[in-house]
Amino acid sequence: MYKLVSLFSGAGFMDIGFVEAGFKIIKGYELNPEFVRAHNYNFNQHYKENANVEVQDISKVPAKTLPKCHGIIGGPPCQDFSAGNSNDTGVEGDRGKLVWDFLDKIKVRKPDFFVFENVATLYKRKKHRTQALEPLLKQFDELGYKTYFKVLNALDYGIPQDRSRVFIVAFKKKIIRELLKNGLPEYEWPKPIFNDPKKNIEWPKKNDFGSSFNEGDLIKKLGPYYELTVHSRIGNINEIEKLKNQVGFRPKSKKFWIIDEGDDRRKSFKRLHRFRYSPTVAYGNNEVHLHPTLPRRLTVRESLRLQSVPDWYHFPEDMTLQSMYKMVSNGVPTELANKIAISVKIVLDNYFQLKKK
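As structure tokens, then:
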């Protein structure tokens, strides 16, 4: 079993994707105590073992103290690179500079592989690309790693959310050389399930809130693309009501009753459409997307489902709603992490089988 160290572990969404693919988290580091509590709580509940995630500022953890491992995974805090950040401090910000801590841990620990995740603006915005992404890739190369870089949108992989993120997957060059020398494939990104569905499908526009129509006909019309709709994950109210964390903020504003279904153009009070994908699950300051057909915001469980987190995962009931929504927003979609993990494992399996021979 391949051993992993998880940096900036969050509430464990990415880690679960790797564990479900056959990896083992031997150590994790996360600054937020509530995130750590949720992470370790769920590993204890479901896997009957602790994920060994500690409350730590990773910048203060000496790289040489990290345990030996096959791989390091993690996504440094992205707020300083985010398109929604008016300060736009990038690598000069307190959080943005943590990308160099990730690099430092790789430089000292020298794992067989690593996976790095961050917001798409790290690539799309020239300032961040030239000051952070390109120097990172250059230094990873100089450290002896073959890097594979790509911007992946969760929507293309069957997750009903428009969420683009930068991923860097890297292996020691000697691993890739050995595979190619023996006629085996190098790392291959997981194949998308859908081809640019944002543009290639005529999605429904808006409906009056509370309007009814034949859902079955629309599901049939969408065909396989129904998988990308909010309805496919949260449409069965009776099923969701039986799950844990089906809690949310109490509705008070009159806006909950008047905003059209599918009207997500404004900064706040965005209402989802049943038969369209969700905008990026990124909630803050009690601003959570509105339910398509009910006069309220999405519950924590519904938000978890849009992040493709398995139903067994749940937050301890004494946590605040604000903490729970923050953890959901900051996570990597579990199903996407799992697909990447499976692709990584193929490379490692092939390499270590060659070594045995």
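Residue 310 in our numbering is what sits at position 325 of the sequence shown, and the numbering runs on without skipping anything. Even for Gly, the Cβ is constructed at its ideal location relative to N, Cα and C.
What is the DSSP secondary structure of residue 343, counted as helix, strand or coil? Because residue 343 is not part of the residues shown, which for the chain are -14 to 342, the question remains open.
Please report the straight-line C-alpha distance between residue -3 and residue 210, rounded to a whole angstrom. 28 Å
Confirm, please, whether the CB-CB distance from residue 171 to residue 165 is below 8 Å. Against a cut-off of 8 Å, the Cβ pair of residue 171 and residue 165 comes out as a contact.
Could you pull the start and end residues of the beta strand (DSSP E) that residue 13 belongs to? 8 to 15
Kindly indicate which residue of 231, 14, 179 and 41 has the alpha-carbon position closest to the one of residue 284. 231
Let me know the secondary structure DSSP gives residue 269 once reduced to three states. strand
Mark residue 180 as exposed unless 16 or more other C-beta atoms lie within 10 angstroms of its C-beta, in which case mark it buried. exposed
So residue 150 is in the beta strand (DSSP E); what residue range does that whole segment cover? Segment 149 to 157, the beta strand (DSSP E) holding residue 150.
Should residue 309 be labelled buried (16 or more other beta-carbon atoms within 10 Å of its own) or exposed? buried
Got a sec? Which residues, its chain only, sit under 6 Å from residue 138 by beta carbon, not counting five neighbours each side? 149
Hey, quick one: how far does the alpha helix (DSSP H) through residue 106 stretch, first residue to last? 106 to 109
I'd like the span of the alpha helix (DSSP H) that includes residue 123, first residue to last. 119 to 127
Please report the Cβ distance between residue 157 and residue 97, rounded to the nearest whole angstrom; I am assuming they are in contact, meaning their Cβ atoms lie under 8 Å. 6 Å
Start and end of the alpha helix (DSSP H) containing residue 169? Counting along the chain, residue 169 falls outside any alpha helix (DSSP H), and DSSP gives it neither H nor E.
Would you mind reading off the limits of the alpha helix (DSSP H) that contains residue 284? Taken as a continuous stretch (DSSP letters only), residue 284 belongs to no alpha helix (DSSP H), as it is neither H nor E.
Endpoints, beta strand (DSSP E) assigned at residue 39: 38 to 40
Distance CB(residue 87)-CB(residue 59) smaller than 8 Å: yes
For residue -9, report the span of its alpha helix (DSSP H) as first-last. Not the alpha helix (DSSP H): residue -9 falls in the beta strand (DSSP E), residues -13 to -8.
Buried or exposed: which applies to residue 222, given that a residue is buried once 16 or more other Cβ atoms fall within 10 Å of its Cβ? exposed
With distances taken Cα to Cα, identify the nearest neighbour of residue 257 among 279, 270, 239 and 238. Looking at the Cα atoms, 279 is the closest of the given residues.
Return the first residue and the last residue of the alpha helix (DSSP H) that residue 339 is part of. Element bounds for residue 339: 319 to 341.
Can you tell me which of the three DSSP states residue 83 falls into? helix
Alpha carbon of residue 336 to alpha carbon of residue 162, nearest angstrom: 10 Å
Can you tell me the Cβ-Cβ gap for residue 90 and residue 48, rounded? I've got them flagged as a contact below 8 Å. 5 Å
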